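Novice:
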Amino acid sequence: MDPTQQPDDLTGHIDVDGWFGGSGGHGDVRMGTWNRETQPTKIAVKLLRARGDGLQKPARFAKRLRREIKVWKQLKHENIVPLLGTVMCYSAHSEPGPSIPVMGMVSPWFENGSLLQVISDSGKHLTVLNRLQMLGDVAAGLSYLHSKGIIHGDLTGANVLIDDAGRACLVDFGLSFIKAEFEGTSYWSSMMGGAIRWRAPELLPPLAGDETDFKPNLTSACDIYSYGSVMLHVMSDKIPYYNIGHDLSVFVQILQGHRPQRPHSPLLSDAYWEFITWCWDLTPTSRPSAETVKMSLVDFIGE
Numbered sequence: 033m034d035p036t037q038q039p040d041d042l043t044g045h046i047d048v049d050g051w052f053g054g055s056g057g058h059g060d061v062r063m064g065t066w067n068r069e070t071q072p073t074k075i076a077v078k079l080l081r082a083r084g085d086g087l088q089k090p091a092r093f094a095k096r097l098r099r100e101i102k103v104w105k106q107l108k109h110e111n112i113v114p115l116l117g118t119v120m121c122y123s124a125h126s127e128p129g130p131s132i133p134v135m136g137m138v139s140p141w142f143e144n145g146s147l148l149q150v151i152s153d154s155g156k157h158l159t160v161l162n163r164l165q166m167l168g169d170v171a172a173g174l175s176y177l178h179s180k181g182i183i184h185g186d187l188t189g190a191n192v193l194i195d196d197a198g199r200a201c202l203v204d205f206g207l208s209f210i211k212a213e214f215e216g217t218s219y220w221s222s223m224m225g226g227a228i229r230w231r232a233p234e235l236l237p238p239l240a241g242d243e244t245d246f247k248p249n250l251t252s253a254c255d256i257y258s259y260g261s262v263m264l265h266v267m268s269d270k271i272p273y274y275n276i277g278h279d280l281s282v283f284v285q286i287l288q289g290h291r292p293q294r295p296h297s298p299l300l301s302d303a304y305w306e307f308i309t310w311c312w313d314l315t316p317t318s319r320p321s322a323e324t325v326k327m328s329l330v331d332f333i334g335e
């Protein structure tokens with residue numbers, strides 16, 4: 033990595049306070065304090081769990097992680113969570129055996145939590161305009177990523193954080209592939225646990241196939257499908273397939289061509305529902321681009 037493009041090494045300047053909510057889908061999240069010269073700053077540290085090949089080939093794991101960190105460091109947009117630097121520490125979760133140091137990714141702490149949390153905790157207080165503005169933020173961040181040739185790959189309400197001004201910011205782009213590569217699991221396996229409800233159907237293996245050999249073709253259109261699912265959740269307070277409890281049952285429904293039901297919500301107008309179903313078009317190339325999504329949200333907000 034070009035030294036001029038390396039994120040700041042904050043090791044020795046970060047005090048880790050504890051765990052936040054246990055662990056996330058791609059690793060562990062710790063909250064801490066960055067002891068800056070000006071004033072202490074509350075931060076979050078994301079640690080990918082080292083398992084499988086990550087333990088057997090730590091140098092390769094670190095190299096792969098640094099590649100993703102380099103990409104993140106170069107991103108500058110108001111709707112992308114910024115990378116403040118890195119820190120060497122230990123993950124709380126690993127396979128039995130000696131602990132190995134892990135490079136943590138340091139980002140600002142978002143007191144409001146994720147979009148998923150905001151909808152769950154404060155949904156009844158959000159106006160239609162509040163919701164559309166957050167969706168506009170998500171669309172702007174996604175359009176920016178796509179303009180840089182970056183596919184998020186895991187867009188859900190859990191990977192959108194809300195700052196103090198109520199602005200939505202994207203995080204955790206690309207981490208699902210590092211996780212799958214070094215845990216000896218498939219991209220499909222990383223969807224179990226809820227994320228499958230937001231994923232494009234072309235990313236799922238056939239029912240009769242061997243999922244361990246399945247190689248999904250991730251495209252920007254996959255992110256658009258996920259965006260439609262995020263919009264459904266934001267405009268109805270219902271997650272996709274809210275009426276189905278188990279992920280495996282959701283998987284079967286998706287492969288049978290069934291899309292999420294339209295929830296009964298006074299906020300979910302016909303125009304919004306029509307736009308969501310456009311994002312869910314079964315032909316990926318027929319879905320709108322991220323830029324089109326962004327401009328459509330500008331129009332919705334202006335109505």
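For the sequence shown, my numbering begins at 33 and goes up steadily by one. From the three backbone atoms N, C-alpha and C, an ideal C-beta is built for every residue, glycine too. Note that this is a predicted model, so its numbers are computed, not measured.
Leu329 by DSSP, collapsed to three states: which one?
Specialist: helix
Novice: By DSSP, does Val170 sit in helix, in strand, or in coil?
Specialist: helix
Novice: The alpha helix (DSSP H) spanning Ala253 covers which residue range?
Specialist: Residues 252-268.
Novice: When you compare the CB positions of Ser175 and Ala303, do they come within less than 7 angstroms of one another, or not?
Specialist: no
Novice: Would you mind working out which of Ile276, His296, Pro316, Ser139 sits nearest Cys254, comparing C-alpha positions?
Specialist: Pro316
Novice: State the start and end residues of the unbroken beta strand (DSSP E) segment that holds Thr73.
Specialist: 73-80
Novice: Please go through the same chain and pick out, in chain order, the residues whose beta-carbon is closer than 7 angstroms to the beta-carbon of Val282, but skip the five residues on each side of it.
Specialist: Once the five neighbours on either side are set aside, the close Cβ partners of Val282 are Ile228, Arg229, Tyr273, Ile276.
Novice: Where Phe250 and Asp186 are concerned, what is the direct C-alpha to C-alpha distance, given to the nearest angstrom?
Specialist: According to the sequence provided, residue 250 is Leu. The question's Phe does not apply to it. Distance between Leu250 and Asp186, taken at the CA atoms: about 10 angstroms.
Novice: Three or more beta-carbon pairs under 8 angstroms between the stretch 186-202 and the stretch 141-157, yes or no?
Specialist: Yes, they touch.
Novice: Which term fits Thr118, buried or exposed, when burial requires 16 or more other beta carbons within 10 angstroms of its beta carbon?
Specialist: buried
Novice: Taking only three categories from DSSP, how would you classify Gly216?
Specialist: A caution first: Gly216 carries a pLDDT of 42, below 50, which makes its placement in the model unreliable, though a value can still be read off. Coil at Gly216, not helix or strand.
Novice: Under three-state DSSP, which class holds Ser55?
Specialist: In this prediction, Ser55 scores a pLDDT of 46, lower than 50, which makes its location untrustworthy; the coordinate-derived value is nonetheless stated afterwards. In this structure, Ser55 counts as coil in the three-state DSSP scheme.
Novice: Can you tell me whether Val330 is buried or exposed? The criterion is at least 16 other CB atoms within 10 Å of its CB, across all chains shown.
Specialist: exposed
Novice: Exposed or buried, Ala232, counting other C-beta atoms within 10 Å across all chains shown (16 or more means buried)?
Specialist: buried
Novice: Pull up the distance between the alpha-carbon of Lys211 and that of Lys180, whole angstroms please.
Specialist: Low per-residue confidence applies at Lys211: pLDDT is 44, beneath 50, and the placement is therefore not dependable enough to give any value.
Novice: Buried or exposed: which applies to Ser258, given that a residue is buried once 16 or more other Cβ atoms fall within 10 Å of its Cβ?
Specialist: A residue is called buried once 16 or more other Cβ atoms fall within 10 Å of its Cβ, and Ser258 is buried on that count.
Novice: Taking Met263 and Ile333 to be in contact with their CB atoms under 8 angstroms, please state how far apart those CB atoms are, rounded to whole angstroms.
Specialist: Between Met263 and Ile333 a beta carbon distance of about 13 angstroms is seen, past the 8 angstroms cut, so the two are scored as non-contacting.
Novice: Give the single residue among Pro237, Leu235, Val138 whose Cα lies nearest to the Cα of Val203.
Specialist: That would be Val138, whose Cα lies nearest to the Cα of Val203.
Novice: Output the distance between the C-alpha atoms of Val48 and Asp169, rounded to the nearest integer angstrom.
Specialist: 30 angstroms
Novice: Would you give the residue range spanned by the alpha helix (DSSP H) that Ala303 belongs to?
Specialist: 302-311
Novice: On the CB-based measure, 16 or more other CB atoms within 10 Å of its CB, does Gly289 come out buried or exposed?
Specialist: exposed
Novice: List the endpoints of the continuous alpha helix (DSSP H) containing Ile151.
Specialist: Start and end: 147-154.
Novice: Go ahead and pull the three-state DSSP assignment for Gly334.
Specialist: helix
Novice: Per DSSP, what are the beta-bridge partners of Leu299 in this structure?
Specialist: DSSP lists no partner for Leu299.
Novice: Quick check on Ala172: buried or exposed, where buried means 16 or more other Cβ atoms within 10 Å of its Cβ?
Specialist: Classification for Ala172: buried.
Novice: Helix, strand or coil, according to DSSP, for Pro128 in the structure here?
Specialist: Note that Pro128 scores 47 on pLDDT, short of 50, meaning its location in the model is unreliable; the coordinates nonetheless yield the value given after this. Three-state result, Pro128: coil.
Novice: Below 8 angstroms on the Cβ atoms is my guess for Leu287 versus Arg294; work out the distance and round it to an integer in Å.
Specialist: That belief does not hold up - the Cβ atoms of Leu287 and Arg294 are roughly 20 angstroms apart, past 8 angstroms.
Novice: Alpha carbon to alpha carbon, how far is His265 from Gln285? Give it in angstroms, no decimals.
Specialist: 18 angstroms
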